[in-house]
Amino acid sequence: MRRARQAVRCLPFQRSFYRNVEQSALSSSELVARSDWSAQTRRRLNASETEDLLIWLIQLGVLRREVDGQGLTERVRLTPLGREVLIPWPETIPAAGLGSRLVHWCRRKRPRW
Numbered sequence: 001m002r003r004a005r006q007a008v009r010c011l012p013f014q015r016s017f018y019r020n021v022e023q024s025a026l027s028s029s030e031l032v033a034r035s036d037w038s039a040q041t042r043r044r045l046n047a048s049e050t051e052d053l054l055i056w057l058i059q060l061g062v063l064r065r066e067v068d069g070q071g072l073t074e075r076v077r078l079t080p081l082g083r084e085v086l087i088p089w090p091e092t093i094p095a096a097g098l099g100s101r102l103v104h105w106c107r108r109k110r111p112r113w
């Protein structure tokens, strides 16, 4: 839970992004094509970078891939753990400090370090 909360604070997604994926599934390409991207993320992301961030949130258990009749899709939804992680921040997710960002980067890029 602590790692997931730290990741949510360090990643560029805003609270409205998590509200959207709680209500309906969203893919990385759909997210970057949205005209309201600035309400969803703190900075402009490309589809590849967005997909990498979504995969990281899936690995942490915050998001999951949506399943349809054909199997897994590229769209993601919020998990019950993700809802629990976001409870402390009903409106705005506070940005993480430098130390927290450094620890998060190490966990993400060098997990066995």
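Here the numbering used here is used: the sequence shown runs in plain steps of one and ends on residue 113.
Here a beta-carbon is modelled for each residue, glycine too, at the ideal position from N, C-alpha and C.
Here the structure is a predicted model, which means the values were calculated and not measured.
Rounded straight-line distance, which links the Cα of Asp68 to that of Leu98: One C-alpha to the other measures close to 40 Å.
Identified DSSP bridge partners for Phe13: Bridge partners of Phe13 according to DSSP: Thr41.
N-terminal and C-terminal residue of the alpha helix (DSSP H) that Arg108 is part of: From DSSP, the alpha helix (DSSP H) with Arg108 extends over 98 to 109.
Any 3 or more C-beta pairs closer than 8 Å across the stretch 65 to 84 and the stretch 21 to 29: Contact check between the stretch 65 to 84 and the stretch 21 to 29: three or more CB pairs, one atom from each, fall below 8 Å, which counts as touching.
Cα-Cα separation, Leu57 to Arg3: Put simply, the backbone Cα of Leu57 is about 10 Å away from that of Arg3.
Selected residue, minimal CA-CA separation from Gln40, among Leu60, Thr92, Glu66: For the set Leu60, Thr92, Glu66, the Cα lying nearest the Cα of Gln40 is the one of Thr92.
Cβ contact (3+ pairs, closer than 8 Å) linking the stretch 98 to 110 and the stretch 78 to 88: Contact fails: fewer than three Cβ-Cβ distances are below 8 Å.
7 Å Cβ cutoff met for Leu31 and Gly61: Taking C-beta atoms as the reference points, Leu31 and Gly61 fail to come closer than 7 Å.
First through last residue of the alpha helix (DSSP H) which encompasses Val32: Residues 28 to 33.
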